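**Q**
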Amino acid sequence: MTTLISAVSLQLEANHGLLFQDLSFTLRQGDRIGLVGHNGCGKSTLLRLLAGQLASSGGALHQSRQCRLQLVEQQLPERLAGLSLHAALAESVVNQPEYLWRVDSLLDELGFSPADHATPVAALSGGQHTRLLLGRAVLQEPNVLLLDEPSNHLDLPAMLWLEAFLARWQGAYVLVSHDRRLLDNATSHSWILRDQRIYDFALPCSAALLALEQADVAAGERHAAEQKEIDRLAASSHRLAVWGKVYDNEGMARKAKSMQKRVDKLREAQSFVTEGSPWQLSLRGQASPARQLLALQAMPVRPAPGLPALFEVEALWVRPGERIAVLGANGQGKSSLLRQCWQAISTATEQPGLAWHPGIAIGYYDQSLRQLPDTDTLDTALTRYCGLDEMARRRALIAAGFPYLRHGQTVGLLSGGERARLLFLALSLASYHLLLLDEPTNHLDLQGKAQLAEALRGFAGSFVLVSHDRELIEQCCDQFWVVQDGRITAWQDAESAYRQLLGGAAPVGFAQSVTAVETVEMGTPSLDTEQGLARLYALEALLAADLARKPRQQTLRLQAAWREEMARLERSLGLMASD
620 MTTLISAVSL QLEANHGLLF QDLSFTLRQG DRIGLVGHNG CGKSTLLRLL AGQLASSGGA
680 LHQSRQCRLQ LVEQQLPERL AGLSLHAALA ESVVNQPEYL WRVDSLLDEL GFSPADHATP
740 VAALSGGQHT RLLLGRAVLQ EPNVLLLDEP SNHLDLPAML WLEAFLARWQ GAYVLVSHDR
800 RLLDNATSHS WILRDQRIYD FALPCSAALL ALEQADVAAG ERHAAEQKEI DRLAASSHRL
860 AVWGKVYDNE GMARKAKSMQ KRVDKLREAQ SFVTEGSPWQ LSLRGQASPA RQLLALQAMP
920 VRPAPGLPAL FEVEALWVRP GERIAVLGAN GQGKSSLLRQ CWQAISTATE QPGLAWHPGI
980 AIGYYDQSLR QLPDTDTLDT ALTRYCGLDE MARRRALIAA GFPYLRHGQT VGLLSGGERA
1040 RLLFLALSLA SYHLLLLDEP TNHLDLQGKA QLAEALRGFA GSFVLVSHDR ELIEQCCDQF
1100 WVVQDGRITA WQDAESAYRQ LLGGAAPVGF AQSVTAVETV EMGTPSLDTE QGLARLYALE
1160 ALLAADLARK PRQQTLRLQA AWREEMARLE RSLGLMASD
């Protein structure tokens, strides 16, 4: 298979020191690679290096003559805001008139109707921005796409469209994302950027992370065994050195020096062990004896006071122990629902159609993270949520990854991910009966999302969650409210909720999501043998990774869906007899 890009011992110095070093990897024709890692590890920077926008500090980066590469960044250029959709797409090839004929047909392929062509770019949704960015790149006819978090702020329908687009794409791509389901469905290879180095696995994301976890365990065991031998030799060297000095024995002194050199070599060659995550996300809560926590009956939901209602909640309740996901496209009013409930509860203001139990404590996670005043210090911010003494607050901040020297820093200087971490800590220390969580994954990396899922599964209280992250929704929630076409309906399972979102189409969001969406929107594509085998191997890895989890963390519906698709693929590929 043709090699398009190769890197040898690549490294980059950043303002705060070495960002990564000794990165070596190869990108070949047709590769579908997921690039994952914690916030700030250098994923976007690496894409800019590959695109030629940055120069490395050391090592070598080679592109073949056959490589035609396009970087799809997170944000549209500001200069496009005043243009129409059609003009913004055409602008990317204004100096290449031979490609202009493709603009109209590509807009249709991207799911835009002729009526959308004149829409100003500033009026487009986040999902439409992603489609426009992809279209601008595709017009250049690349064979490699570098996709920098294209799933950011996408609603569920837009996410499913993105999966379908990637399934149809014939070239290679490197996809940076914190959405595990998207990575599992859209990639077959993973680069994990961690510890200033890259870990390369011929597996989709979930299976690759499991393999890395197993490698970490093995490395830890090797390191411990090596350390035991180092300690034994160091003790012997010290003993010989003492004896040589006490008895004036040069032979013993030489043996001690020789043994010490061996100890130094063993230390240099000792197995590397990752430092791991500097913090662990947790959410403490408490169960309530009340029969109902919230009651919503004939409650109009408005984006702001005085504006027309987006929809009306006819009759819904939140009871102790319930874990509710609110689903729907962007702009339907999901966040408005949570914000309106919280504003009424926090100010004890009567809200038509809303009632809450007076004896319960309710917390709120605002996706804008504006609950934490910019002028507060980290320590002061926590005092608004809990009555812990100063020493207890400082211990909590240190455990959350904020060292003592940063406790006097103001909230306004924190990154989005750090603000999210501080707010989660505050909510946990307050120990609420009910949490209203508005897009809590927006600033979390994959590890943070996994920790949030674990925390929500073990949360003693109830929560109402607005999110487009299918992995989180399916793992943590047992009820599903769908906001669509000016009304809200309740469903008991994710599959039915997804059907409702797609207007009664085949369920999506599971292993077959890409195929299902393509059936609805584009017609089912035919898979060649190589693609079919790659999908089969990916499904086998996903199933193995899920089976390796603790029983309570496994998703049985996913396992059944994967097995069913594997059986279909095996029949179509002639690997088993047809029914």
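Numbering (my numbering), first residue to last: 620 to 1198. Think of the CB as a built atom: it goes at the ideal place given N, C-alpha and C, for glycine as much as any other residue. Predicted, not measured: the structure shown is a model, and the values here were computed from it.
1) From Glu1058 to Asp774, what distance separates their C-alpha atoms?
2) Pick out whichever of Leu1056, Ala906 and Val740 has its Cα sitting closest to the Cα of Ser987.
3) Can you give, in chain order, each stretch of the alpha helix (DSSP H) that sits fully within the stretch 906 to 991 and has at least 4 residues?
4) Taking the straight line between their C-alpha atoms, what separation do you get for Ala1116 and Ala1109?
5) Against chain C, does Pro761 count as a neighbour if the rule is that its beta carbon must be under 8 Å from one of theirs?
6) Throw me the rounded Cβ distance for the Gly1027 and Thr994 pair, which I believe falls under 8 Å.
7) Identify, in the order they occur along the chain, each residue of the same chain with its Cβ nearer than 7 Å to the Cβ of Arg755, setting aside the five sequence neighbours on each side.
8) Who pairs with Phe1082 in a beta bridge, going by DSSP?
9) What residues are listed by DSSP as bridge partners for Asp767?
10) Closest to Ala1072 by C-alpha separation, out of Arg1190, Leu642, Cys1095 and Tyr1051, would be which residue?
11) My parser needs the alpha helix (DSSP H) runs of 4 or more residues fully inside the stretch 730 to 793; what are they?
12) On the criterion of 16 or more Cβ atoms from any shown chain inside 10 Å, does Val1102 qualify as buried, or is it exposed?
13) Residues in the same chain with beta-carbon distance under 6 Å from Leu1046, minus the five sequence neighbours each way, listed in chain order, please.
14) So, at 6 Å on beta carbons, what are the nonlocal neighbours of Gln759 in its own chain, with the 5 sequence-adjacent residues on each side left out?
15) May I ask which residues mark the beginning and end of the alpha helix (DSSP H) holding Arg1013?
16) Considering only residues of the same chain and omitting the five flanking positions on each side of Leu673, which have a CB-CB separation below 6 Å?
17) Which residues mark the beginning and the end of the alpha helix (DSSP H) in which Gln672 is found?
18) Expressed to the nearest angstrom, what Euclidean distance is found between the alpha-carbon atoms of Leu695 and His748?
19) Taking the straight line between their C-alpha atoms, what separation do you get for Leu1041 and Arg851?
20) Leaving out five residues before and five after Arg750 in sequence, what residues of the same chain have Cβ atoms less than 6 Å from its Cβ?
21) Judging by CA-CA distance, which residue of Thr966, Ala917 and Leu912 is the nearest neighbour of Arg942?
22) Can you give me the start and stop residues for the beta strand (DSSP E) that Gly1027 sits inside?
23) By Cβ distance below 6 Å, which residues in the same chain neighbour Lys864 in space, the five residues on each side in sequence not counted?
**A** Looking at the coordinates:
1) Here residue 1058 refers to the residue found at position 439 of the sequence shown. Here residue 774 refers to the residue found at position 155 of the sequence shown. CA-to-CA, the gap between Glu1058 and Asp774 works out to about 11 Å.
2) Working through the sequence shown from its first residue, we reach residue 987 at position 368. Looking at the Cα atoms, Leu1056 is the closest of the given residues.
3) Listed in chain order, they are 953 to 965.
4) On the sequence shown, position 497 is the one that residue 1116 refers to. On the sequence shown, position 490 is the one that residue 1109 refers to. Those two C-alpha atoms are separated by around 8 Å.
5) Although the question refers to chain C, the structure presented lacks it and comprises just one protein chain.
6) Looking up residue 1027 in the sequence shown gives position 408. Looking up residue 994 in the sequence shown gives position 375. That pair is no contact at about 12 Å.
7) Stepping through the sequence shown from its first residue, residue 755 is reached at position 136. Answer for Arg755: Leu708 and Ser711, listed in chain order.
8) As a working mapping, residue 1082 is identified with position 463 in the sequence shown. Within the DSSP bridge table, the entry for Phe1082 names Arg942 and Leu1054 as partners.
9) Within the sequence shown, residue 767 is the residue found at index 148, counting from 1. Asp767 is bridged to Val795.
10) As a working note, residue 1072 is residue 453 in the sequence shown. Looking at the Cα atoms, Cys1095 is the closest of the given residues.
11) The stretch 730 to 793 contains these whole alpha helix (DSSP H) runs: 745 to 757 and 775 to 787.
12) In the sequence shown, residue 1102 corresponds to position 483, counting from 1. Counting every other CB atom within 10 Å of its CB across the protein chains shown gives Val1102 a total of 16 or more, marking it as buried.
13) Here residue 1046 is taken as the residue at index 427 of the sequence shown, counted from 1. Closer than 6 Å at Cβ, skipping near neighbours: Gly982.
14) In the sequence shown, residue 759 corresponds to position 140, counting from 1. If we look at Gln759 and ignore the five residues flanking it on each side, its Cβ neighbours are Gln689.
15) Working through the sequence shown from its first residue, we reach residue 1013 at position 394. For Arg1013, the enclosing alpha helix (DSSP H) has its first and last residue at Glu1009 to Ala1018.
16) The sequence position of residue 673 within the sequence shown is 54, counting from 1. Here the set comprises Arg667.
17) Here residue 672 refers to the residue found at position 53 of the sequence shown. Secondary structure note for Gln672: it is in no alpha helix (DSSP H), with a DSSP letter that is neither H nor E.
18) Counting from 1 along the sequence shown, the entry for residue 695 is found at position 76. Counting from 1 along the sequence shown, the entry for residue 748 is found at position 129. Spanning the two alpha carbons is a distance of roughly 7 Å.
19) As a working note, residue 1041 is residue 422 in the sequence shown. As a working note, residue 851 is residue 232 in the sequence shown. The straight-line gap from Cα to Cα measures roughly 44 Å.
20) Counting from one through the sequence shown, the residue named residue 750 turns up at place 131. Closer than 6 Å at the Cβ level, and outside the excluded window around Arg750, lie Leu729.
21) For the purposes of this step, residue 942 is taken as the residue at position 323 of the sequence shown. Distances from the alpha-carbon of Arg942 to those of Thr966, Ala917 and Leu912 put Leu912 closest.
22) Residue mapping note: residue 1027 aligns to position 408 of the sequence shown, counting from 1. Gly1027 -> no beta strand (DSSP E), and no H or E assigned at all.
23) Looking up residue 864 in the sequence shown gives position 245. So no residue of the chain qualifies.
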